[in-house]
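Participant: Residue numbers (the working numbering), protein chains in the order written: chain S, 1 to 120; chain D, 1001 to 1120.
Note that the Cβ used here is the ideal one computed from N, Cα and C, for glycine as well.
Can you read through this structure? Questions will come right after.
2 protein chains.
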Amino acid sequence: MKSDEMDAVFAALASEPRRRILDILKKEPGCNVSRVCGFFDIGRIAVMKHLAALESANLVVSEKAGRERRLWFNPVPIHMIYDRWTTEFSDYWAGRLARMKYRLENAPVPLARAKGGARG
Amino acid sequence: MKSDEMDAVFAALASEPRRRILDILKKEPGCNVSRVCGFFDIGRIAVMKHLAALESANLVVSEKAGRERRLWFNPVPIHMIYDRWTTEFSDYWAGRLARMKYRLENAPVPLARAKGGARG
DNA sequence: CCGATATGTCACCTTCCGGTGACTTATAAG
DNA sequence: CTTATAAGTCACCGGAAGGTGACATATCGG
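The following block contains the structure:
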């Protein structure tokens, strides 16, 4: 997966309405654009732009059926990221994570550990 | 994990320079801002803005040590998303994925099945 | 103190994003 | 044909993102 493809996927996911669209398409696979619009207060053009972002990230695929466009959620890009994370962060997931969580969540800005005690 | 926290995490990850910063901090935990800047062609202010985005997503934590600011990668938000995906997409990961991959990767825009075949 | 280094802050610019309305095209239905 | 519906395209606007330089602040070293 190339870097700009990752950009597109993460950017697409970085928006609550777009994540919601994915939920809708999971529940109603093959529904059309108007149907998706029905779940939102924003206008149709805005929804179509969100769909365009999702399609360019390959998180949504569509096919034209008559005058409608039918939409499906595509889990493949998310699965690829998931797989990558499995290997990329396996060290952290096992054991090292506990220490990090201690360091990071309990001691946000603990000034104390400056340099070698060279304080003056 | 709240929705706007997700927004922040995904938005932070939707940028190659910011993902690269995470890689740097994994390899050099505790390094300072200038050190990170050394890996980039863009200016220091731009790097600091990227760091601010990462910190606001809680993907990076820092502590002030003298005149320096030391930086660490925080895997916790990624781990939370990973865990969520495990449950959220487990249906797709198992079996249903194969069918989707067929449908989606071999037939990107298969206009052919529009009206004739009544999809299912 | 004084100079050098590391970082923080501010104003500014350009580009992209998310939203809008107006209009066009394509299909369905009569 | 006509009319209604689904979708696509275009221009526009406000605000946020990503970059810059100039300047301010804090710390280290002598």
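1) Taking only beta carbons into account, state which residues of the segment 23 to 51 of chain S come closer than 8 Å to chain D, listed in chain order.
2) State the DSSP-derived secondary structure class of D/Arg1020, mapped to helix, strand or coil.
3) Report back the beta-carbon spacing between D/His1050 and D/Ile1021 to the nearest angstrom; my notes put them in contact at under 8 Å.
4) Using C-beta distances below 7 Å, list every residue in its chain close to D/Arg1069, excluding the 5 sequence neighbours before and after it, in chain order.
5) So, does the CB of D/Leu1013 fall closer than 9 Å to a CB anywhere in chain S?
6) Give a yes or no on whether the minimum CB-CB distance between S/Ile21 and chain D is below 9 Å.
7) Can you list, in chain order, the residues of its chain whose CB lies under 6 Å from that of S/Pro77, leaving out five sequence neighbours each side?
8) Which residues share a DSSP beta bridge with S/Leu71?
9) Just curious, the alpha helix (DSSP H) that S/Ile78 is in, first and last residue?
10) Is S/Ser56 close to chain D? Criterion is C-beta to C-beta, closer than 9 Å.
11) In whole angstroms, what is the alpha-carbon distance linking D/Met1001 and S/Arg44?
12) Pull up the distance between the alpha-carbon of D/Met1006 and that of D/Thr1086, whole angstroms please.
13) Skipping 5 residues on each side, what residues in its chain have a beta carbon closer than 8 Å to that of S/Glu55?
14) So, using beta-carbon positions, are D/Ser1125 and S/Glu16 closer together than 9 Å?
15) Taking S/Pro75 as the reference, which of D/Ala1094, D/Ile1042, D/Arg1019 has the closest Cα?
Facilitator: Once the coordinates are examined:
1) Residues passing the 8 Å Cβ filter: Gly30.
2) Counting from 1 along the second sequence, the entry for residue 1020 of chain D is found at position 20. In the structure shown, D/Arg1020 sits in a helix (DSSP, three-state: H, G or I).
3) Translated into the one-based positions of the second sequence, residue 1050 of chain D becomes position 50. Translated into the one-based positions of the second sequence, residue 1021 of chain D becomes position 21. So it is a contact: roughly 6 Å between Cβ atoms.
4) Along the second sequence, one-based indexing puts residue 1069 of chain D at 69. Here the set comprises Asn1032, Val1033, Ser1062.
5) Translated into the one-based positions of the second sequence, residue 1013 of chain D becomes position 13. With 9 Å as the cut-off, D/Leu1013 counts as an interface residue toward chain S.
6) To locate residue 21 of chain S, count along the first sequence from 1; it is residue 21. Chain D, which has no Cβ nearer than 9 Å to the Cβ of S/Ile21, makes this no.
7) For the purposes of this step, residue 77 of chain S is taken as the residue at position 77 of the first sequence. Beyond the five residues adjoining it in sequence on each side, S/Pro77 comes within less than 6 Å, by CB distance, of Val9, Asn58, Leu59 in the same chain, given in chain order.
8) Sequence index remark: in the first sequence, residue 71 of chain S carries index 71 (1-based). DSSP lists S/Ser62 as partners of S/Leu71.
9) Position 78 of the first sequence, counted from the start, is the residue given in the question as residue 78 of chain S. It spans 76 to 88 - the alpha helix (DSSP H) in which S/Ile78 sits, taken as one unbroken run.
10) In the first sequence, residue 56 of chain S corresponds to position 56, counting from 1. Cβ-Cβ to chain D under 9 Å: no for S/Ser56.
11) Position 1 of the second sequence, counted from the first residue, corresponds to residue 1001 of chain D. Position 44 of the first sequence, counted from the first residue, corresponds to residue 44 of chain S. For the pair D/Met1001 and S/Arg44, the Cα-to-Cα distance works out to about 29 Å.
12) One-based indexing of the second sequence puts residue 1006 of chain D at position 6. One-based indexing of the second sequence puts residue 1086 of chain D at position 86. Near 16 Å, if we compare the C-alpha coordinates of D/Thr1086 and D/Met1006.
13) Translated into positions along the first sequence, residue 55 of chain S becomes position 55. Cβ-Cβ distances below 8 Å link S/Glu55 to Val61, Ser62 in the same chain, with the five nearest sequence neighbours on each side left out; the list follows chain order.
14) There is simply no residue 1125 of chain D to check, as chain D begins at 1001 and stops at 1120 in what is shown.
15) The residue you call residue 75 of chain S lines up with position 75 of the first sequence. Nearest of D/Ala1094, D/Ile1042, D/Arg1019 to S/Pro75, Cα basis: D/Ala1094.
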